[in-house]
């Protein structure tokens with residue numbers, strides 16, 4: 022069974038799976054319905070499901086020629102977002118306040134159908150295909166969970182993709198090297214001393230301190246980071262005080278840091294810590310930093326990416342991907358094995374994480390073919406090298 026991206030029957034099959042997934046979104050690490058759905062589809066196709074002892078998420082394997090020990094991994098994420106859907110689709114979310122506003126239903130549907138096709142070719146495969154249906158990508162827990170469960174054991178290379186609604190269907194964007202940013206979320210508590218607003222000298226005002234810290238943090242990018250390096254420090258939340266005539270004793274603010282290299286990541290966090298602590302000390306107040314360390318930058322292997330490029334250009338238009346300051350824990354797999362993460366055009370009505378995002382399902386057949394042909398080609402290349 023070969024994949025023809027103009028096959029209307031195949032397209033209908035994929036779209037039906039996609040719509041069913043879209044109706045049943047589940048947030049990170051609570052993807053019980055989705056996990057059962059994936060397992061049922063894989064079992065019906067005769068694909069071996071590995072017993073990995075996790076509540077959500079699936080690892081399966083298509084075993085090729087017995088004499089080959091090569092393994093190529095294909096990955097899709099399965100979780101949704103706590104976002105109320107506002108699309109008006111006939112197949113919109115049935116779970117109130119939760120939706121596939123990032124298109125992980127697209128990823129899951131494409132890999133499920135690709136898995137069925139690859140399994141029909143298993144006697145021809147020069148090795149095995151590891152299928153990773155990852156939970157908890159949105160909260161950065163999934164890749165670590167899957168790796169601990171053995172997802173990368175014996176794997177030579179890994180491939181994955183993210184739908185990109187800003188790119189038309191039939192186009193894939195590829196880039197070796199840094200593609201997506203690292204993510205370090207932070208929560209800062211500034212502890213002052215409360216006072217009457219008319220008597221500020223009797224307390225220590227954490228609002229003034231927090232304001233100075235926030236303003237000074239912006240100098241990390243403007244004065245400490247090279248203009249040839251891409252990095253972001255953003256404050257997204259601040260809270261402190263309840264009434265106009267009382268200076269509070271605490272201010273909390275939160276935000277995120279995005280970078281494209283470990284060196285820049287470490288340097289910015291170092292400067293960040295110095296500014297927060299030293300400004301706090303200058304104002305006679307205690308500051309506490311809590312970090313939520315997210316994934317490293319997605320860093321595509323040059324050779325694997327070149328292979329995907331050769332595969333894709335046979336039936337799609339290939340363009341150079343523009344780096345994104347969004348993050349993805351596909352990076353966690355790439356820290357251990359060479360890989361390629363692609364941006365596949367899904368021609369959406371809105372952008373990722375928007376409540377009105379509608380992914381164009383006509384892009385699914387391209388995603389399926391890219392999974393199938395990439396896996397087979399990577400296995401053949403690895404076999405030639407062995």
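Residue numbers (our numbering): 22 to 407. Virtual Cβ for every residue (Gly too), placed ideally from N, Cα, C.
Which whole-angstrom value is the C-beta distance of residue i and residue j, which I expect to be below 8 Å?
{"i": "residue 231", "j": "residue 259", "result": "7 Å"}
{"i": "residue 159", "j": "residue 95", "result": "So it is not a contact: roughly 20 Å between Cβ atoms."}
{"i": "residue 105", "j": "residue 118", "result": "5 Å"}
{"i": "residue 286", "j": "residue 349", "result": "Between residue 349 and residue 286 the Cβ distance is about 15 Å, and since that is not below 8 Å, they are no contact."}
{"i": "residue 75", "j": "residue 136", "result": "The Cβ separation is near 19 Å, so there is no contact."}
{"i": "residue 197", "j": "residue 322", "result": "7 Å"}
{"i": "residue 332", "j": "residue 391", "result": "7 Å"}
{"i": "residue 422", "j": "residue 227", "result": "Any question about residue 422 goes unanswered here, given that the chain covers just 22 to 407."}
{"i": "residue 395", "j": "residue 329", "result": "5 Å"}
{"i": "residue 92", "j": "residue 175", "result": "5 Å"}
{"i": "residue 293", "j": "residue 241", "result": "6 Å"}
{"i": "residue 97", "j": "residue 128", "result": "4 Å"}
{"i": "residue 194", "j": "residue 389", "result": "Not quite, the Cβ-Cβ distance comes to about 18 Å (not below 8 Å), so this is no contact."}
{"i": "residue 359", "j": "residue 199", "result": "Actually they do not touch by this definition, with Cβ atoms about 15 Å apart."}
Which term fits residue i, buried or exposed, when burial requires 16 or more other beta carbons within 10 angstroms of its beta carbon?
{"i": "residue 239", "result": "exposed"}
{"i": "residue 221", "result": "exposed"}
{"i": "residue 281", "result": "buried"}
{"i": "residue 247", "result": "exposed"}
{"i": "residue 341", "result": "exposed"}
{"i": "residue 423", "result": "One cannot answer for residue 423 here, as it falls past the ends of the chain, which runs 22 to 407."}
{"i": "residue 320", "result": "buried"}
{"i": "residue 317", "result": "buried"}
{"i": "residue 243", "result": "exposed"}
{"i": "residue 62", "result": "buried"}
{"i": "residue 59", "result": "buried"}
{"i": "residue 52", "result": "buried"}
{"i": "residue 126", "result": "buried"}
{"i": "residue 407", "result": "The predicted model places residue 407 with a pLDDT of 48, which falls under 50 and marks its position as unreliable; any figure quoted below should be read in that light. Counting Cβ neighbours within 10 Å, residue 407 comes out exposed, since fewer than 16 surround it."}
{"i": "residue 29", "result": "exposed"}
{"i": "residue 355", "result": "buried"}
{"i": "residue 207", "result": "buried"}
{"i": "residue 147", "result": "buried"}
{"i": "residue 155", "result": "buried"}
{"i": "residue 364", "result": "buried"}
{"i": "residue 264", "result": "exposed"}
{"i": "residue 133", "result": "buried"}
{"i": "residue 152", "result": "buried"}
{"i": "residue 400", "result": "buried"}
Please return the same chain residues whose Cβ sits closer than 8 Å to the Cβ of residue i, not counting the five positions on each side in sequence.
{"i": "residue 124", "result": "183, 184, 186, 367, 369, 373, 378, 380"}
{"i": "residue 297", "result": "209, 234, 238, 308, 310"}
{"i": "residue 107", "result": "376, 377"}
{"i": "residue 271", "result": "210, 211, 212, 213, 227, 261"}
{"i": "residue 67", "result": "140"}
{"i": "residue 327", "result": "197"}
{"i": "residue 398", "result": "328, 331, 332"}
{"i": "residue 315", "result": "161, 203, 204, 205, 206, 348, 350"}
{"i": "residue 353", "result": "164, 165, 168, 316, 317"}
In the DSSP output, what is residue i paired with across the bridge?
{"i": "residue 312", "result": "207"}
{"i": "residue 307", "result": "212"}
{"i": "residue 254", "result": "278"}
{"i": "residue 249", "result": "According to DSSP, which records beta bridges pairwise, residue 249 is partnered with nothing at all."}
{"i": "residue 260", "result": "273"}
{"i": "residue 267", "result": "217"}
{"i": "residue 151", "result": "82, 94"}
{"i": "residue 120", "result": "102"}
Starting from the C-beta of residue i, find all residues in its chain whose C-beta is less than 6 Å away, skip the five residues before and the five after it, and write them out in chain order.
{"i": "residue 357", "result": "173"}
{"i": "residue 421", "result": "The requested residue 421 does not occur in the structure, where the chain is confined to residues 22 to 407."}
{"i": "residue 84", "result": "149"}
{"i": "residue 382", "result": "36, 39"}
{"i": "residue 224", "result": "214, 215, 216, 268"}
{"i": "residue 32", "result": "386"}
{"i": "residue 304", "result": "230"}
In its own chain, which residues sit with a C-beta less than 7 Å from the C-beta of residue i, not counting the 5 before and 5 after it?
{"i": "residue 157", "result": "49, 50, 100, 163, 166"}
{"i": "residue 22", "result": "With a pLDDT of 41 at residue 22, under the threshold of 50, the modelled position of that residue is not reliable, and the figure given next carries that caveat. Closer than 7 Å at the Cβ level, and outside the excluded window around residue 22, lie 138, 141."}
{"i": "residue 274", "result": "209, 231, 235, 256, 258, 259"}
{"i": "residue 56", "result": "77, 78, 79"}
{"i": "residue 306", "result": "211, 212, 213, 225, 227, 230"}
{"i": "residue 288", "result": "none"}
{"i": "residue 70", "result": "60, 63, 64, 79, 81"}
{"i": "residue 339", "result": "193, 195, 330, 333"}
{"i": "residue 113", "result": "106"}
{"i": "residue 393", "result": "24, 135, 138, 139"}
Does any residue of chain C bring its CB to less than 8 Å from the CB of residue i?
{"i": "residue 104", "result": "The structure shown contains no chain C; it holds only a single protein chain."}
(message) Just to confirm the assignment: which complete alpha helix (DSSP H) runs, minimum length 4, are found wholly within the region 159-247?
(response) 163-169, 227-238
(message) Which runs of the alpha helix (DSSP H) at least 4 residues long sit entirely within the region 320-373? Give them in chain order.
(response) 323-333, 351-355
(message) Report the start-end ranges of each beta strand (DSSP E) in the region 49-100 that is 3 residues or longer and not cut off at the edges.
(response) 79-83, 92-98
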